[in-house]
Amino acid sequence: MIKFNVTDRYDISAGRSFMTNLLSLVAGLFMIGLVFLFLGVNPFYALFKIFSGSFGSFYGFKETLTKAIPLILIGSGLTLAFRAKFWNIGAEGQLLMGAIFAAWISLFLGDHLPSYIMVPLMFLAGFTGGALWGIIPAILKIRFSINEVISTLMLNYICADFLTMLIVGPWKGSTRFGFPGTDNFPDSAILGLISGSRIHYATFILSILCAVILCIVIYKTRFGYEARVVGENPDAGRYAGIDFLKTTLILMIISGGLAGLAGVGEVAGIHHYLGYPAAVSSGYGFTAIIVAWLAKLNPLLTLVSGIFFAGILVGGDAVQISLGLPAATVGIVNGILLICLIMGDYFLKNKITLTIAKP
Amino acid sequence: MEDMIVSTLERAMVAGTPLLLATTGEVICERSGILNLGVEGVMAMGAVVAFIVTMTTGNPWLGVLCAVGVGMAISILHAFTSISLQANQVVSGLALTMLGLGISGMMGKPYVGKPLLVKMEDLTLPFLSDIPYLGKILFAQSPFFYLAILLALAAWFLLEKTRLGIQIRSTGENPKATETQGIPVTRIKYLCVLIGGGFSALAGAHLSISYSKSWIEGMTAGRGWIAIALTIFALWNPGRAIGAAFLFGFVFVVQYLLQPLGISPNFLSMLPYIATLIILLFISFKDPRRLSAPAMLGEPYKRGER
C-alpha cells in the first residue's frame, strides 16, 4: 500500500524556493500546452512562438522590456502591500489615476514649461494621483473595516468610468475627429525613448530604482518590519504598539503611487495622449499581481518576474496575430500560471514522502 | 408616471436576479469558511456556456444545466487549492477569476454580437399577476426570478434549520471542534464551494440567455464582485440577500432613468460601484457584534494542526 506522509517543512532555502517556482512554471506551461491542444493549435509551436516572439529577437526583447516597466513598478509596490496582507487589487485604477493626473499637467501646463521641469512634474503628479486613489481603500479598511479587495476593485471601475467621462467630455481633443481621447501631449511632456525602441528610459530607470529601494525598505527599515508584522501577526503588532493606520497609509501611498508612475509612463511614453481606460492600463494592474507572487513578494525579484511576464504578454500578442487566437488567451495563460504557482507553494511548505508499506 | 415606476421596479427585479443568485451562492460558500473571489470568472463562464449551448441546441434549460455543471467543475480548482492545499484564498480566487474571464472570452469569441433567437418565456402566474401594479412587478417575470428567490429561501432554510446547515456553519466558525465531532469538514467545504460555483454560473446564465440575450466579453461588468460585497451587506444571511440584491438591481436600473436628465452616462455607470462602497460604509457603523462574519473565513484549515 502506498501512503503519502505530509509534514511541515521548516528549512525553506532560496535554492529550493527557486526550483519549486521553476517546476510550477513548467507544470503551468504544460497545462497551457494542453489548452492550446484543445484549441487545435500545436502546443509546441505556440509555446515556441510565445518565447521566440518575446526573447528570441532583439526587437522582441526591446518590446518585452517596454512592457516590463509598468509590471515592475506596480509589482514591486504590490509586494509591499501583500506582505502586510493588504490585498490591493486596485492597481488598474491607481495606474489610471496617475495617467489622468499626468495628462492634466501636460495638457494645461505643457505649452508653457520646458521638458526638464515638465517631466519631473508629471511623475510627481502621477505618483500623487495613484497614491490618493490608493489611500481611499487604506482608510476604508482601517477606519471602517471595509474589505480592501472589494473597495479597490470598485475603485477600478469608478476610475475607468471617470476617465471615460473626461475623454468624451471636457478633455475631448479637437484633433481626434470626434473620437474619444485628449489631444496629443505637447512635446515637452513626451518621455524620451532609448533610440530604436519604445523603452521610455526615465520610467525604465525609475522602475529598477524602485525595486531596489523597496527591497531595502522591506528588509532593512523599521517601517518594512512593521508592515511585515501587520501582515504576519497583527495581534503581536497591536501589542507592540504599531500604528496600523499609519503603516497601511504609507504602504498604500507607495503601492498606489508606483502604479501611478506606471500610468505616467504609459501615457507620456507610449500613447502620448489619454485614450480609453482599457488601452491605457492594458490589464497591467492584474498581471502585476502574478508578478509580485512569482517574485515571492521580494521586490528585487520582480525585476526578473516582471520581465518574464512582459515576455508572455509580448509573445501572447505574437501568437494572437500569427495563430489567430483571441486576446483572452493571455488571461488564460496568467490564470493557469498563478494557480500552478500557488499549488507549488504547497510543496514548498510541506514535505511529502512516499512510503510503501508491506501488507 | 405610474407606468414608469412600475416598469422601473419591474426592471430592478430583473437586474437584481443575477446578483441574488451569485450572492446566495457566495453566502453558502463563505459560511463554510471559504472565501471565493472567483465569482466574477465563474459567472462569465456560466454566461458563455449557457449562451453557446442554448444557441446550438435551442433549449435554454439545457444551457442552464450545462452552465451550472461547468461552473461547479471549474470551482473545483479553487476548492482544491484552498481546501486541500491550504493555499491563500484571495490569490486562488483571483486566479479563478482570471481563468474564467480568459476561457469565456476565448470560447465566446465566435458568438460575439450574435442575437439569441430562442426565447425563455416569462412565467406569468395566474391570478397573482392580475394584482394591480404588484402583479406586473413580481408575478410576470422570467423563470430565473422565481428560481433565484426560491433558491435563496431554500438556502436560508438549509443553513438555519437543517442538520447539514449547522454542520456548514460550525465548519466556518471552528473547523477543528467540528471535526472532533466526527463531521467531515473537508467534504463539507468542497460541497459548499461547488454549490457556490453552481450559483455563480446560474447568475451568468441569466445574464446571457434572459437578461441581454447576447454574449459579449466583459458582460458580467463587476457583478460578481458586487455579489461578494452584497454577501457582507446581507450579513451572511440568504434571506437578507433577497432585499440586498433587489436594492442593487434598482441601482443598476436607476441610471437609465436618470439619463434623459442630461447627466453623463459615464457618471451614471459609476453608480452601482459607488453604491457598493456606500453600503459597506453604512454596514460598518453597525454594532460590530452583529457583523457576523464566519470566524474562520479565509483561514486555511489544516487537519491535525494545533
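Line by line, the protein sequences are chains A and B.
Counting from 44, one number per residue, gives the positions in the first sequence under my numbering.
Counting from 7, one number per residue, gives the positions in the second sequence under my numbering.
Virtual Cβ for every residue (Gly too), placed ideally from N, Cα, C.
Owing to the predicted nature of the structure, the values given are computational and were not obtained by experimental measurement.
I need the DSSP call for Q187/B, collapsed to helix, strand or coil. coil
I'd like to know if L72/A contacts chain B, where contact means its C-beta is closer than 8 Å to some C-beta of that chain. no
From the DSSP output, which residues share a beta bridge with I395/A? Note: I395/A is bridge-paired with V49/A in the DSSP secondary-structure output.
What residues from chain A crowd round G344/B, counting only those whose CB sits closer than 8 Å? Given a span of 7 to 312 for chain B in the structure shown, any question on residue 344/B remains unanswerable.
Is any beta-carbon of chain B found at less than 8 Å from that of D204/A? yes
Just mark Y279/B as buried or exposed, buried being the case when its beta carbon has 16 or more other beta carbons within 10 Å. buried
Go ahead and pull the three-state DSSP assignment for L129/B. strand
In terms of alpha-carbon separation, which member of F390/A, L368/A, I375/A and L65/A lies closest to G83/A? L368/A
Look up H243/A in the DSSP assignment and give the residues it is bridged to. L236/A
In the DSSP assignment, the alpha helix (DSSP H) including N64/A goes from what residue to what residue? The continuous alpha helix (DSSP H) containing N64/A extends over residues A57 to F81.
Output the residue ranges of the beta strand (DSSP E) runs that lie fully inside the stretch 280-350 of chain A and measure 3 residues or longer, sorted by chain position. none
Does any CB atom of chain A fall closer than 8 Å to the CB of F239/B? no
Status (buried if at least 16 other CB within 10 Å, exposed otherwise) for S90/B: exposed
Best match in V49/A, T171/A and L209/A for proximity to I297/A [C-alpha to C-alpha]: T171/A
Determine the burial state of Q147/B: buried for a count of at least 16 other Cβ atoms within 10 Å of its Cβ, exposed for fewer. buried
Is the beta carbon of V307/A sitting closer than 8 Å to the one on M161/A? no
In chain order, what residues of the same chain have a beta carbon less than 7 Å from the beta carbon of L134/B, not counting five sequence neighbours either side? G141 and F145
Judging by CA-CA distance, which residue of T23/B, Q92/B, V124/B and L41/B is the nearest neighbour of W67/B? V124/B
Keeping to the same chain, check which residues put their C-beta closer than 8 Å to that of Q229/B; ignore five residues upstream and five downstream. For clarity, residue 229/B is Arg in the given sequence; the question names Gln instead. Taken in chain order, the residues that qualify are P24, L25, A28, E46, M49, A209 and L213.
Would S231/A and S324/A qualify as a contact pair, given that the criterion is a beta-carbon distance under 8 Å? no
Near-chain A residues of the stretch 244-275 of chain B (beta-carbon distance less than 7 Å), N- to C-terminal order: Those residues of the stretch 244-275 of chain B that come within reach of chain A (Cβ to Cβ, closer than 7 Å) are S270, N272, F273 and S275.
Hey, is I40/B's beta-carbon within less than 8 Å of any beta-carbon in chain A? no
Establish whether the CB of N131/A and some CB of chain B are separated by less than 8 Å. no
For A301/B, does the count of other Cβ atoms within 10 angstroms reach 16, so buried, or fall short, so exposed? Under this definition A301/B is an exposed residue.
Buried/exposed call for D128/B, threshold 16 Cβ in 10 Å: exposed
Counting only beta-carbon separations shorter than 8 Å, does G119/B have a partner in chain A? no
With a threshold of 8 Å between beta-carbons, can Y152/B be considered close to chain A, or not? No, no contact with chain A.
C-alpha distance - T195/A paired with I132/A, whole-angstrom precision: Across the structure, T195/A and I132/A are spaced so that their CA atoms are roughly 6 Å apart.
Counting contacts by CB-CB distance shorter than 8 Å, is I193/A in contact with chain B? yes
How many Å lie between G224/B and K115/B at the Cα? 12 Å
Among M61/B, I248/B and S38/B, which one has its Cα closest to the Cα of E185/B? S38/B
Does the beta carbon of I234/B sit closer than 8 Å to a beta carbon anywhere in chain A? Yes, I234/B counts as interfacial toward chain A.
Should the stretch 335-342 of chain A be regarded as contacting the stretch 104-122 of chain A, the criterion being three or more beta carbon pairs within less than 8 Å? yes
Cut-off 7 Å between Cβ atoms - residues of its own chain near L236/B, not counting five sequence neighbours on either side: L25, T29, A247, A250, A251 and F254
Just checking V259/B against the ligand NAP - is the residue's beta carbon closer than 7 Å to any of the ligand's heavy atoms? For the structure depicted, the ligand NAP is absent and the ligand set is empty, with no information on it obtainable.
I'd like the list of long-range same chain contacts for S314/B, defined as Cβ closer than 7 Å, with 5 residues on each side in sequence excluded. Lying outside 7 to 312, the shown extent of chain B, residue 314/B is not represented and no answer is given.
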